[in-house]
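Each protein sequence line maps, in turn, to chains P and W.
If you want the numbering used here, it's the 1-based position in the first sequence plus 68.
If you want the numbering used here, it's the 1-based position in the second sequence plus 540.
Every residue gets a Cβ at the ideal spot worked out from N, C-alpha and C, and that includes glycine.
If you're wondering where the values come from, they're calculated on a predicted model, not measured in any experiment.
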Amino acid sequence: MMVYLQMLDTPEERSKFEQLYRMYSSLMFYVANEVLHNEQDAEDAVHQAFLKIADHMEKIGDPACPKTRGFIVTVVENKAIDLYRKHKRNQTVELNDLLPGIPAVYEGENTLAACILKLPARYREVILLRYHQGYSVKEMASLLGLSFAAASKLDQRAKNRLRDLYEKEETL
Amino acid sequence: MINDEMLKAAASGANLSILNALPADEECVHTFSLSFERKMRRLLRQERHISVYRFMSRAACFVAAVALAGATWLAVDIQARADFFSWIKENIDSYAAYRFAGDADKASGSAGYGLTWLPEGFTLSKQMSDGNFSSQIYVNTENQMISFISSQGADATSLFIGGDAEPVREVMIRETPADFYQATEPGSANALVWLSEDGETIFCLTAALPEETMIQIAEGVARES
Numbered sequence: 069m070m071v072y073l074q075m076l077d078t079p080e081e082r083s084k085f086e087q088l089y090r091m092y093s094s095l096m097f098y099v100a101n102e103v104l105h106n107e108q109d110a111e112d113a114v115h116q117a118f119l120k121i122a123d124h125m126e127k128i129g130d131p132a133c134p135k136t137r138g139f140i141v142t143v144v145e146n147k148a149i150d151l152y153r154k155h156k157r158n159q160t161v162e163l164n165d166l167l168p169g170i171p172a173v174y175e176g177e178n179t180l181a182a183c184i185l186k187l188p189a190r191y192r193e194v195i196l197l198r199y200h201q202g203y204s205v206k207e208m209a210s211l212l213g214l215s216f217a218a219a220s221k222l223d224q225r226a227k228n229r230l231r232d233l234y235e236k237e238e239t240l
Numbered sequence: 541m542i543n544d545e546m547l548k549a550a551a552s553g554a555n556l557s558i559l560n561a562l563p564a565d566e567e568c569v570h571t572f573s574l575s576f577e578r579k580m581r582r583l584l585r586q587e588r589h590i591s592v593y594r595f596m597s598r599a600a601c602f603v604a605a606v607a608l609a610g611a612t613w614l615a616v617d618i619q620a621r622a623d624f625f626s627w628i629k630e631n632i633d634s635y636a637a638y639r640f641a642g643d644a645d646k647a648s649g650s651a652g653y654g655l656t657w658l659p660e661g662f663t664l665s666k667q668m669s670d671g672n673f674s675s676q677i678y679v680n681t682e683n684q685m686i687s688f689i690s691s692q693g694a695d696a697t698s699l700f701i702g703g704d705a706e707p708v709r710e711v712m713i714r715e716t717p718a719d720f721y722q723a724t725e726p727g728s729a730n731a732l733v734w735l736s737e738d739g740e741t742i743f744c745l746t747a748a749l750p751e752e753t754m755i756q757i758a759e760g761v762a763r764e765s
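Pasting the structure below:
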């Protein structure tokens, strides 16, 4: 027979997941509410986001670093938009793909970064997950609740849209 | 032509801009609904258990291990806090988990419990005490062992029991209900788990001894002066 005793209880030893919860739940609510404008729905989106985050904890580094913060924001925005789509079932997928995300403006000199921020939320999330968070298409499919084929298609669409935007900006 | 390096640099800049566009944490305080808090507590609990499984699958992560005759004690660094105070029993696959869910600050006093009766021939071999946790190991000349631990939530957050045990049976230690785990392997230790009267301290007794003897030992548990 095996007997295990879990010991010690200090803030430093809190699980990474609990740290994320304590650090980001209110910010996540803010992001979700910006999309949904409904507190109950926003809480549901935050919960859905945490369920997904729990499945991908191995990819998360320091809870306090900007990369992690960005990941959390990307996931909750995605879940909020998912919920928004469910409430607007009469809209086509294509139209929903064009929904904007959290408004942000890039003030640097990297044209491509500015273009990423101009992308609809769905595409922006894909680019951020793939190229900032280092997610493969397979991992992204799991995180976003998509089939591999759908995630690949979304990935391709996002890159095509970004390329179009970038080329337009470059010719100006 | 956009290449991956360009995308990485741009995505990093875009990520930073999004974060800068969001209010500071202290500006977006939200009081979540009770139903949300309940769902999250459940999820946090599951995550803790997953963490424990990860620990259990990697022996190198165990910070202490004391091999007993047919039983193993392992102390694992991990945390758990909640906004209420109690020991909760849960079944996770083949393990029973006694999880401390409480505000450690509310737990008071030392565990400070010991055995006042032992079967003939057993003497104290090893003793460890650290704040609200204590462990005692008794041996006899035939190298049989009895292990007794007492722990308050302030130090020990969960106790997991599993392996070659039969389904748990409720037994009584005087007027206190206890869980008895009968080992199925010959020579393996049985386990007896119960709480103190005030519910703050969990006790676990393991030994390759008959149920009646273990209950008799448990009845002799008392605060040490």
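Looking at the structure shown, is V242 (chain P) part of a helix, part of a strand, or coil, going by DSSP?
Residue coverage of chain P in this structure runs from 69 to 240, which leaves residue 242 (chain P) outside it and unanswerable.
Please list, in chain order, the chain P residues whose beta carbon lies closer than 8 Å to that of K579 (chain W).
Below the 8 Å Cβ cutoff, chain P contributes H115 as neighbours of K579 (chain W), in chain order.
First and last residue of the alpha helix (DSSP H) that includes S557 (chain W)?
Element bounds for S557 (chain W): 544-561.
Against G553 (chain W), what residues of chain P qualify as contacts under a CB-to-CB distance less than 7 Å, listed in chain order?
For a Cβ distance threshold of 7 Å, residue set Y174, G176, N178, A181 of chain P lies close to G553 (chain W), ordered along the chain.
Tell me, please, which residues DSSP counts as bridged to K666 (chain W).
In the DSSP secondary-structure assignment, K666 (chain W) is bridged to W:I677.
Three-state secondary structure assigned by DSSP to M685 (chain W)
It is a strand residue.
Examine chain W for any beta-carbon lying closer than 7 Å to the beta-carbon of I128 (chain P), and answer yes or no.
False, the Cβ-Cβ gap to chain W never drops below 7 Å.
Kindly identify the DSSP beta-bridge partner or partners of C744 (chain W).
Answer is W:I689, W:V733, bridged to C744 (chain W).
Contacting residues, own chain, Cβ-Cβ under 7 Å from T681 (chain W) (five flanking each side not counted)
Around T681 (chain W): G661.
Return the CA-CA distance between S220 (chain P) and R190 (chain P), expressed in angstroms with no decimal places.
R190 (chain P) has its alpha-carbon roughly 13 Å from the corresponding atom of S220 (chain P).
By alpha-carbon positions, which one of W:Q722, W:F576, W:F700, W:L699 ends up nearest to P707 (chain W)?
Of the listed residues, the one whose Cα sits closest to P707 (chain W) is W:Q722.
How should V569 (chain W) be labelled, buried or exposed, when 16 other C-beta atoms within 10 angstroms of its C-beta is the threshold for buried?
That one is exposed.
Please report the straight-line C-alpha distance between G727 (chain W) and I686 (chain W), rounded to a whole angstrom.
One C-alpha to the other measures close to 13 Å.
Residue-chain proximity (E237 (chain P), chain W), Cβ-Cβ < 7 Å
E237 (chain P) has a beta carbon lying at 7 Å or more from every beta carbon in chain W.
Can you name the start and end residues of the beta strand (DSSP E) that E718 (chain W) belongs to?
Checking the displayed sequence, the identity of residue 718 (chain W) turns out to be Ala instead of Glu. For A718 (chain W), the enclosing beta strand (DSSP E) has its first and last residue at 716-721.
List the residues of chain W that R231 (chain P) touches, going by C-beta distances under 7 Å, in chain order.
Neighbours of R231 (chain P) in chain W, taken as residues at a C-beta separation under 7 Å, are given in chain order as I542.
Tell me the DSSP bridge mates of M712 (chain W)?
According to DSSP, M712 (chain W) bridges with W:P717.
Would A718 (chain W) count as contacting chain P if we go by Cβ distances under 7 Å?
False, the Cβ-Cβ gap to chain P never drops below 7 Å.
Should P131 (chain P) go down as buried or exposed, given a rule of 16 or more other Cβ atoms within 10 Å for buried?
By the neighbour-count criterion, in which 16 or more other beta carbons inside 10 Å mark a residue as buried, P131 (chain P) falls on the buried side.
So, under 8 Å CB-CB, L180 (chain P) and A550 (chain W) are touching, yes? Tell me the CB distance rounded to an integer number of Å.
The C-beta separation of L180 (chain P) from A550 (chain W) comes to about 4 Å, placing the pair in contact by the 8 Å criterion.
Who are the near neighbours of Q201 (chain P) in its chain, counting only those whose CB is closer than 6 Å to its CB and skipping five residues on each side?
Closer than 6 Å at Cβ, skipping near neighbours: F139.
If you draw a straight line from the alpha carbon of A561 (chain W) to that of S215 (chain P), how long is it in whole angstroms?
Answer to the nearest angstrom: the Cα atoms are 32 Å apart.
Can you round the beta-carbon distance between K147 (chain P) and A172 (chain P) to whole angstroms, since I take them to be within the 8 Å contact cut?
The pair is not a contact, with the Cβ atoms about 18 Å apart (cut-off 8 Å).
Between which two residues does the alpha helix (DSSP H) harbouring V761 (chain W) extend?
Per DSSP, V761 (chain W) belongs to no alpha helix (DSSP H); it is in the beta strand (DSSP E), 761-763.
Chain W residues whose Cβ lies nearer than 9 Å to that of H124 (chain P):
Correct list: empty, because the minimum Cβ distance to chain W is about 12 Å.
Please tell me whether V606 (chain W) has its Cβ less than 7 Å away from any Cβ of chain P.
The pLDDT assigned to V606 (chain W) is 31, lower than 50, so where the model puts this residue is not dependable; a value taken from the coordinates is nonetheless given after this. It does not: the Cβ of V606 (chain W) has no partner Cβ on chain P nearer than 7 Å.
Contacts of G138 (chain P) in chain A (Cβ-Cβ under 7 Å):
No chain A appears in this structure, whose protein chains are P and W.
A609 (chain W) versus V711 (chain W): straight-line alpha-carbon distance, rounded:
Because the pLDDT at A609 (chain W) is just 34, under 50, the model does not fix this residue reliably, and the value given afterwards should be weighed accordingly. Just so you know, the alpha carbons of A609 (chain W) and V711 (chain W) end up roughly 23 Å apart.
Kindly indicate which three-state DSSP category F495 (chain W) falls into: helix, strand or coil?
Nothing can be reported for residue 495 (chain W): it is not among the residues displayed for chain W, which extend from 541 to 765.
Hey, Y152 (chain P) and L104 (chain P) are a contact pair by Cβ (cut 8 Å); roughly how many whole angstroms apart?
Taking 8 Å as the upper bound for CB-CB distance, Y152 (chain P) and L104 (chain P) are in contact here, some 6 Å apart.
In three-state terms, what does DSSP make of Y152 (chain P)?
DSSP places Y152 (chain P) in helix when its eight states are reduced to three.
Would you kindly work out how many angstroms separate the C-alpha atoms of A122 (chain P) and R90 (chain P), rounded to a whole number?
The straight-line gap from Cα to Cα measures roughly 14 Å.
Of all the options P:V205, P:Q108, P:D150, P:P188, which has the alpha carbon lying nearest to the alpha carbon of R229 (chain P)?
Ranking the options by Cα distance to R229 (chain P), first place goes to P:P188.
Check whether the Cβ atoms of H124 (chain P) and L212 (chain P) lie closer than 7 Å to each other.
Going by C-beta atoms, H124 (chain P) is not nearer than 7 Å to L212 (chain P).
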